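Worksheet: the structure to be examined is printed underneath.
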Ligand code: SF4
Ligand code: SF4
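Residue numbers (our numbering): 39 to 135.
Listed below in structure tokens is the structure:
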């Protein structure tokens, strides 16, 4: 018997939920922010999409793609599904760890 076969089996998996936002559906998050407002644990935040040259330029939040919503604190997600239920365009998907 090889030493490897005596080792306990390694189980790989994610520790936190995987949260994805479909950016084709969520195009102007700065004007919506419903998921951000309803989340009890402040998992989401809205960030500006910009190139280095444009970092001082004012960006219109009404224009598609100028801002994106990200689930930056998915470690705090409690899988309550409130964000999924409130999203008007069905853009959020959550996979349990
Ligand atoms: S499932 Fe609940 S805790 Fe998790 S991101 Fe959505 S609203 Fe927040
Ligand atoms: S609720 Fe949906 S459409 Fe609104 S900002 Fe969140 S992901 Fe985008």
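Virtual Cβ for every residue (Gly too), placed ideally from N, Cα, C. Predicted model, so just to flag it, every value in this text is computed and none were measured.
Simplified DSSP assignment, three categories, for residue i
i           : result
residue 53  : coil
residue 76  : helix
residue 100 : coil
residue 93  : coil
Host beta strand (DSSP E) of residue i (start-end)
i           : result
residue 131 : 130 to 133
residue 116 : Note, residue 116: premise wrong, no beta strand (DSSP E); not H, not E.
Test item: CB-CB of residue i and residue j under 8 angstroms
i           : j           : result
residue 55  : residue 132 : yes
residue 114 : residue 81  : yes
residue 107 : residue 78  : no
residue 104 : residue 86  : yes
Classification of residue i by the beta-carbon crowding that lies within 10 angstroms, buried from 16 upward
i           : result
residue 59  : buried
residue 125 : buried
residue 112 : buried
Terminal residues of the alpha helix (DSSP H) in which residue i lies
i           : result
residue 122 : 120 to 124
residue 64  : Unbroken run through residue 64: none, as it is neither H nor E.
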